[in-house]
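Following: one structure in structure tokens, then a few remarks.
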Amino acid sequence: MPEPIDSALSVQPGVEQPSALPPAGMLKRLRQRRRRRLTRREYIDGVLAGDRAILGQAITLVESARPEDAELAEDILEQCLPRPGRLIRVGITGVPGVGKSSVIEALGTWLTHERGEKVAVLAVDPSSQISRGSILGDKTRMAKLANDPGAFIRPSPSGGSLGGVARRTRETMLLCEAAGYHNIIVETVGVGQSETTVRSMVDFFLLLMLAGAGDELQGMKRGIMEMTDLIAINKADGGNRAACERARREYQSALDLFASSPDGWMTSVVTCSAHTGEGIAGIWEQVLKHHAKLQSSGALDRLRREQVKSWMYELIEYGLREQFRNHSAVRARLPECEQNVAQGRLSPFRAAERLLEIYRESK
Ligand SMILES: Nc1nc2c(ncn2[C@@H]2O[C@H](COP(=O)(O)OP(=O)(O)OP(=O)(O)O)[C@@H](O)[C@H]2O)c(=O)[nH]1
Ligand SMILES: [Mg+2]
């Protein structure tokens, strides 16, 4: 009989709540038991105690596609929901090779070394299905951070739809926060929907760019601009510094054409170098300034509420899609419908309507 669980709706966005850490003896016992399958209580206590190995196992459980794991995973997530303290969630995007992983490495190391804070790095990588890897697969770019006891790096699971990957990223984020990683950085690739999805999970969105990679404000699509809180021109080192400074001024004047966001935040442009570390602390300064601004205006509470709401809708959509796809009558008819649509014998809307009817009728 599972213990009663708090409702997800009892989360008070922005409310700081005390956490109780288990005593050291319990931690030791938890570690000894790590090899076998953990009990629900062990998972929860381990995550809340910040045990990295148990955190990793809990994430694996949450990522599991096995139906028998789903209930336990959900139960653990419920217990990890209301997290104490200041939570900072940052998304980083930019074209491949712009230096996202390198900037995260520099930023993360600076956070753990200079500020003594813990940081978790996650990834949303919709292309992993094709590349069979993860954008963090090359942990060599984060070699220092990967060995830093204050940091926790979790690559995105390969395969699965973006919805599925993103769903797990949110849940992974929650578990990391419960384990005391109050700074979360999510790396995403500038592909399709991933930015919008990550934007809905984080408080601050950082766009990395390069100098001289196309004069026409590369990638400065209005959509991305509207969701960006800071632009950093990376690789501002060596002979590239002057070009980066020029690009910074250009982007800044382009930005001046955009209005400030509804919460009064003005997106600005800075330069940085993941290699020399110059400008890295300045990025975090902006993150903290933005956080303080949102908090004082009450916008942070609103944002947190929006985040949990969009999470709920994502889960509903995901659940419905899965149910539909796994529905036996639908599965039986789907290949034929698909083929008929592809060959023009059936219109897509009629096919969809037919399949939805089959689903509705034999539930
Ligand atoms: N000179 C210089 N090179 C950099 C800097 N940051 C990253 N690089 C180099 O740029 C290349 C790509 O860096 P990554 O950090 O892997 O870039 P990424 O955006 O994470 O790339 P993907 O994950 O493939 O999208 C590597 O060779 C880095 O060494 C920097 O600040 N200065
Ligand atoms: Mg990378």
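Numbered according to our numbering, the sequence shown spans residues 155 to 517.
Note that the Cβ used here is the ideal one computed from N, Cα and C, for glycine as well.
heavy atom of ligand 1 below 7 Å from residue i C-beta
i       : result
Arg-295 : yes
Pro-309 : no
Gly-253 : yes
Asn-337 : no
Ser-348 : no
Ala-435 : no
Lys-298 : no
Ser-450 : no
Lys-272 : no
Asp-417 : no
Ala-401 : no
Ser-482 : no
Ala-428 : yes
Gly-204 : no
Gly-262 : no
Gly-245 : no
Lys-389 : yes
Glu-366 : According to the sequence as given, residue 366 is Gly; it is not Glu. Gly-366: no, Cβ never under 7 Å from ligand 1.
Exposed unless 16 or more other CB atoms sit within 10 angstroms - verdict on residue i
i       : result
Ala-219 : exposed
Lys-254 : buried
Ala-496 : exposed
His-267 : exposed
Gln-477 : exposed
Ile-470 : exposed
Pro-502 : exposed
Ser-516 : exposed
Ala-446 : exposed
Asp-383 : buried
Ala-305 : buried
Residues that residue i bridges to, as DSSP identifies them
i       : result
Thr-425 : Ile-387
Ile-242 : Asn-337
Met-363 : Ile-387
Val-275 : Ile-307 and Ile-339
Phe-358 : Val-244
Other residues of its chain near residue i: CB distance less than 8 Å, five sequence neighbours each side excluded
i       : result
Cys-491 : Leu-500, Ala-505, Arg-508 and Leu-509
Arg-353 : Gly-245, Phe-359 and Met-381
Gln-406 : Ser-422 and Val-423
Val-201 : Ile-208, Leu-209, Ala-212, Ile-230, Cys-234, Leu-329, Ala-332 and Ala-333
Met-327 : Arg-243, Ala-274, Leu-276, Ile-338, Val-340 and Met-355
Ligand 2 heavy atom lying under 7 Å from the CB of residue i
i       : result
Glu-341 : yes
Same chain, Cβ closer than 6 Å to residue i, five either side skipped, listed in chain order
i       : result
Ala-365 : Ile-387, Ala-397, Cys-398 and Ala-401
Tyr-197 : Ala-212 and Ile-230
Gln-150 : This structure cannot settle anything about residue 150, because the visible part of the chain is limited to 155 through 517.
Arg-243 : Ile-338, Val-356 and Asp-357
Cβ-heavy atom distance, residue i to ligand 3, below 7 Å
i       : result
Gly-393 : Within the structure as shown, ligand 3 is missing, the only ligands being ligand 1 and ligand 2.
7 Å CB neighbourhood of residue i in its chain, flanking five on each side removed
i       : result
Val-252 : Leu-362, Met-363, Leu-364 and Asn-388
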